[in-house]
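Taken in order, these protein sequences are the chains called A and B.
In terms of my numbering, the first sequence is numbered consecutively and its last residue is 826.
In terms of my numbering, the second sequence is numbered consecutively and its last residue is 161.
C-beta atoms are modelled at their ideal positions from N, C-alpha and C, and glycine is treated no differently.
Just so it is clear, the structure is predicted and the values come from calculations on it, not from any experiment.
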Amino acid sequence: MKKEIINVSRRDFLITTGKAGAGMSLGFYLSGCRENISNEAPTSLMAAATEKLAQVPEVNAWVVIQPDDTVIIRIARSEMGQGTLTGLAQMVAEELECDWSKVTTEYPTPGQNIARDNVWRDFATGGSFGIRGSHQYVRKGGAVARHMLLEAAAEQWGVEMAECKVANSVITHVPSGRTITYGNVAAAAAELFPPEQIELKDPKDWQLIGKPVHRLDTDDKLNGKQIFAADLTLPDMLNASIKACPVFGGKLKTFDETKVSNMPGVRKVVAVHDDAVAVVADTWWQAKKALDALPITWSKGPNTNVNSASIDKMLDEGLTSKENVFVGNQIGDVSKALEGAAKVVEATYRYPFQNHATMEPMNATALWTKDKCEVWCPTQNGTASLHAAADAAGLPVSQCDVYKIHLGGGFGRRGAFQDYVKQVVAIAKQLPGIPVKLLWTREEDMAHGHYHPITKCKMRGGLDDKGNLTGLHVRISGQSILAAVNPGWMTNGADMFTFQGMLPKGDHSISYTVPNLLVDHAMRNPPVPPGFWRGVNINQNAIYMESFIDELAHAAGKDPLTFRQKLMVKHPEGLAVLNAVAEQAGWGKPAEKGVYRGLSVCKAFASHIAACAEVSVNEKGKLKIHRIVAATDPGYAVNPQQIEAQVEGSFVYGLSALLYGECTIKDGAVEQSNFHDYGSMRINEMPKVEVIVMPSGGFWGGVGEPTIAVAAPAVLNAIFAATGKRIRHFPLQGTNLLAS
Amino acid sequence: MIKLNVNGTVHTLDIDNDIPLLWVLREQLGLTGTKYSCGIGNCGSCTVHINGEAVRACVIPVSSLDSSKQIVTIEALSEDNRHPLQQAWKKLDVPQCGYCQSGMLMSAAALLNKIPRPSDEDIDANITNICRCGTFNRVRQGIHLAADINKRGRT
Ligand code: FES
Ligand code: FES
């Protein structure tokens with residue numbers, strides 16, 4: 087990529103010039119000055135935050151520079167652990183040429199975004215889009231601010247701007263050697279018009295992008311100071327605990343508040359929409375205790391006979407059905423290829439419902455009055471939260487706002503789904519003028535997720551007499567996320583997301599060239615709400631594809647690496663990551679005694695990733711994952727050490743799912759209730775992970791999710807190498823790895 | 007009335023006996039660094055020290071405590087973020103979302119009190135906290151680094 091010349095829209099500026107100041111986000115304000123806030127009257131919290139800190143005019147929407155040279159960079163996307171806050175700040179700062187050691191960040195609010203004609207654009211943080219979806223306009227934001235700061239200095243000195251340069255927030259007039267810092271010209275720069283055009287740096291000139299700088303948000307996470315949304319305290323705030331009908335689709339029938347209204351601290355028992363009841367009390371513990379004691383009856387609705395076995399049956403039917411089937415990828419004539427094959431291999435896999443299980447349970451805080459509604463919440467999509475709040479509040483969006491408070495994990499649970507926001511507003515509406523914090527129990531969180539969709543997959547592959555793959559039919563049967571969550575994104579009734587990892591082109595294209603291919607989906611939607619779960623459909627699809635490619639290699643009597651390499655000739659980036667892990671892991675050379683290797687490769691969220699796992703299975707069938715070598719090519723690597731952290735973390739999330747992740751359904755409700763029966767990996771199960779970050783440039787791929795796709799299949803293929811047993815049902819928990 | 011010694015201060019509290027320590031810390035004393043995640047003693051997010059031992063505050067009724075028990079929370083791990091574990095965590099950028107990290111740090115601090123130079127096996131046996139973001143490998147490195155910092159500090 088060369089330098090990019092970007093036209094600066096007049097709109098960005100006219101709207102953004104001048105008036106708004108620093109500290110506009112209450113989220114930032116709260117974490118910085120928590121004590122102060124509790125002395126404010128709650129009705130003026132937003133105004134107080136803005137007034138208090140609005141002394142310095144912004145240079146533009148992205149950048150505020152204070153007289154002491156502190157640089158405040160505004161971040162629209164949500165930080166939930168994935169490091170996007172630091173990465174985005176690096177990109178603004180790269181073009182701004184500011185002193186990185188003086189950089190801090192803040193979140194603008196979604197309400198301000200709407201009021202300023204969308205100047206910060208997209209607040210949604212998902213699909214591994216935080217950086218790849220905004221790299222150009224945030225760099226532009228930094229570049230425009232730099233230009234204005236330089237122009238202000240030149241004007242002040244009465245010299246040509248071309249004679250000035252900047253590094254580390256210090257502007258120098260080259261001929262005279264005079265210097266001035268950003269903090270001293272920021273106010274004047276704020277009065278200027280932005281340039282008509284701005285040039286972005288050639289990636290080869292990047293100094294800060296690509297550097298493994300430390301995260302900006304670590305200190306407060308080491309001493310308990312970081313305020314997560316669940317920690318928020320507002321003056322006179324009450325606390326709520328909630329229970330919704332455990333059966334999907336069921337409603338609230340009755341509750342007997344007289345049984346609990348005398349319990350300590352209880353203020354009110356309220357129906358929430360038509361399916362839940364909440365107790366509001368002085369403290370959350372009091373609310374929870376009273377809720378536990380509250381007699382509740384439910385109208386369980388139409389789904390009481392739904393259970394895991396009935397759902398399996400529904401999916402089994404879809405494996406061979408012609409009804410409600412959509413095609414995702416088709417090349418040649420697969421039936422003919424399979425008919426003419428020397429050998430046909432067939433296998434059926436199943437992937438379960440899984441809960442996101444963020445460490446911080448769902449929660450939100452709201453303050454409702456008849457003409458205003460404010461919400462403080464952990465959200466991956468502030469704009470979606472704002473609309474949900476306005477909806478539940480019965481107020482126009484312009485009379486509502488949302489303050490993003492730090493998230494204790496997101497993983498897709500807190501973006502499209504704003505159930506907890508709608509609930510808290512419905513509660514707060516029944517207590518006008520009083521802030522109410524709603525915190526779910528872990529049990530509620532397990533019972534009311536938006537689960538990883540359930541699917542089964544029947545794979546049929548044909549080999550010729552030389553062991554070449556001549557045809558492949560992938561039949562997916564199961565749940566569509568979009569049908570439940572976002573029907574507007576569907577294509578003629580099809581959910582193209584279902585085919586992630588197997589599509590003909592795009593961010594989730596298939597990594598292999600198969601002469602005759604058919605990938606289709608029998609849509610079968612059981613009444614369990616599905617959701618975007620970190621990695622989305624790539625998780626199961628990569629297991630299906632990568633396990634089956636291994637099965638085919640084995641059936642063809644070929645080495646799994648060379649079998650893949652042959653199918654990947656036209657996929658050089660994928661091949662490069664595969665070869666990189668094979669080489670570093672020592673594929674082809676003997677591993678330690680009793681240790682076996684498995685491979686997987688995939689393209690997801692526009693990045694290319696591969697993994698090689700080393701495992702052993704002892705005589706009792708116990709699995710140990712010793713080592714994983716992982717490679718990722720995200721195009722550009724903004725912060726390599728944070729990419730490593732995301733890759734390591736992806737193995738924990740992906741392998742937890744493989745080892746323990748299943749929500750089973752009984753009588754229309756989820757059976758698991760907490761971490762004792764919905765397990766998550768611990769440190770003693772964590773393999774060594776070696777991360778190869780190999781950005782090849784020219785495209786922007788995601789980082790937070792892709793690696794999850796290769797975690798499970800690499801381990802499954804290694805288990806097969808160790809035991810000869812192919813596992814096709816997940817999770818592994820309870821499966822005998824040895825018996826055939 | 008219940009007397010609790012938290013971070014060196016004795017608090018006299020008029021509260022129900024059955025409240026778990028976690029909620030007394032969070033809601034009565036405003037010490038929200040100690041987190042709620044499971045409430046059943048499974049995940050370790052609520053780990054604090056009682057007389058130097060790591061315990062899970064969500065399953066400890068305050069009735070089992072009195073002022074002779076020294077309770078220490080994440081807020082008092084150090085005064086200035088200079089505990090060897092905090093230094094190591096910072097150096098290695100251990101936290102991702104950070105929600106489990108108070109518990110991780112308190113579990114790790116109790117381990118270092120007991121075993122100043124823990125082996126990987128010691129870490130496996132003692133750090134049983136859940137981290138859904140997946141920081142385990144940096145947690146492990148961080149504990150080893152903190153043990154080094156500790157040793158350098160003493161010599
Ligand atoms: S919240 Fe106490 S162990 Fe999970
Ligand atoms: S850092 Fe997010 S759960 Fe551990």
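So what's residue i in DSSP terms, helix, strand or just coil?
| i | result |
| --- | --- |
| T136 of chain A | Residue placement at T136 of chain A is flagged as unreliable, the pLDDT there being 41, under the threshold of 50; the coordinate-derived value follows with that caveat. If DSSP states are grouped into helix, strand and coil, T136 of chain A belongs with the helices. |
| G564 of chain A | strand |
| L182 of chain A | helix |
| K290 of chain A | helix |
| S117 of chain A | Since pLDDT at S117 of chain A reaches only 31, below the 50 mark, its modelled position is unreliable, and the value read off the structure follows with that caveat. DSSP places S117 of chain A in helix when its eight states are reduced to three. |
| R768 of chain A | coil |
| H233 of chain A | helix |
| V430 of chain A | strand |
| T102 of chain A | Low confidence applies here, because T102 of chain A scores a pLDDT of 34, under 50, leaving its location unreliable and the question unanswered by this model. |
| W95 of chain B | helix |
Closer than 8 Å: is that where the CB of residue i sits relative to any heavy atom of ligand 1?
| i | result |
| --- | --- |
| Y42 of chain B | yes |
| A63 of chain B | yes |
| F761 of chain A | yes |
| T28 of chain A | In the structure displayed, chain A extends from 87 to 826; residue 28 of chain A sits before or after that span and is not available. |
| C463 of chain A | no |
| G494 of chain A | no |
| L28 of chain B | yes |
Got a sec: does ligand 2 put a non-hydrogen atom nearer than 8 Å to the Cβ of residue i?
| i | result |
| --- | --- |
| P101 of chain B | yes |
| Y105 of chain B | yes |
| R500 of chain A | no |
| T141 of chain B | yes |
| R620 of chain A | no |
| C543 of chain A | no |
| R138 of chain B | yes |
| G39 of chain B | no |
| G296 of chain A | no |
| M445 of chain A | yes |
| M110 of chain B | yes |
| G167 of chain A | yes |
CB-CB under 7 Å to residue i, same chain, minus the five flanking residues each way: which ones, in chain order?
| i | result |
| --- | --- |
| L647 of chain A | A668, W673, L685 |
| A116 of chain B | H55, G58, E59, A60 |
| I151 of chain A | V145, V157, Y268, G269, A272 |
Enumerate in chain order the residues of its own chain whose CB-to-CB distance from residue i is below 8 Å, with the five nearest sequence positions on each side excluded.
| i | result |
| --- | --- |
| I729 of chain A | T718, P720, A723, V777, V779, V789 |
| Q92 of chain B | L83, S84, L111 |
| S130 of chain A | Here S130 of chain A scores only 38 on pLDDT, less than 50, and its place in the model should not be relied on; the value that follows carries that caveat. So the list is empty, once near-sequence residues are dropped. |
At which residues does the alpha helix (DSSP H) containing residue i begin and terminate?
| i | result |
| --- | --- |
| Y739 of chain A | 726-746 |
| F634 of chain A | 624-641 |
| L472 of chain A | 468-479 |
| N146 of chain A | N146 of chain A -> not in any alpha helix (DSSP H); beta strand (DSSP E) instead, spanning 144-146. |
| K375 of chain A | 370-379 |
| A717 of chain A | Element bounds for A717 of chain A: not the alpha helix (DSSP H) but the beta strand (DSSP E), 709-719. |
| G109 of chain B | 107-120 |
Starting from residue i, follow the beta strand (DSSP E) in both directions and report where the run begins and ends.
| i | result |
| --- | --- |
| N325 of chain A | 324-330 |
| A690 of chain A | 682-690 |
| R353 of chain A | 352-358 |
| R650 of chain A | That residue, R650 of chain A, is in no beta strand (DSSP E); its alpha helix (DSSP H) goes 646-653. |
| F414 of chain A | According to the sequence as given, residue 414 of chain A is Gly; it is not Phe. Start and end: 411-417. |
| W454 of chain A | 449-455 |
| V256 of chain A | 256-259 |
| F341 of chain A | 337-341 |
I believe residue i touches residue j by the beta-carbon criterion, under 8 Å. Please report the beta-carbon distance rounded to the nearest angstrom.
| i | j | result |
| --- | --- | --- |
| C331 of chain A | L338 of chain A | 6 Å |
| K188 of chain A | V157 of chain A | 5 Å |
| S597 of chain A | H657 of chain A | 5 Å |
| I27 of chain A | A229 of chain A | A question about residue 27 of chain A goes unanswered here, because the residues of chain A that appear run from 87 up to 826. |
| I711 of chain A | H492 of chain A | Actually they do not touch by this definition, with Cβ atoms about 31 Å apart. |
| L54 of chain A | F649 of chain A | Missing from the structure shown is residue 54 of chain A; chain A here goes from 87 to 826 and no further. |
Please go through the same chain and pick out, in chain order, the residues whose beta-carbon is closer than 6 Å to the beta-carbon of residue i, but skip the five residues on each side of it.
| i | result |
| --- | --- |
| A248 of chain A | none |
| D550 of chain A | A428, T556 |
| T750 of chain A | S394, E757 |
| E632 of chain A | S686, P799 |
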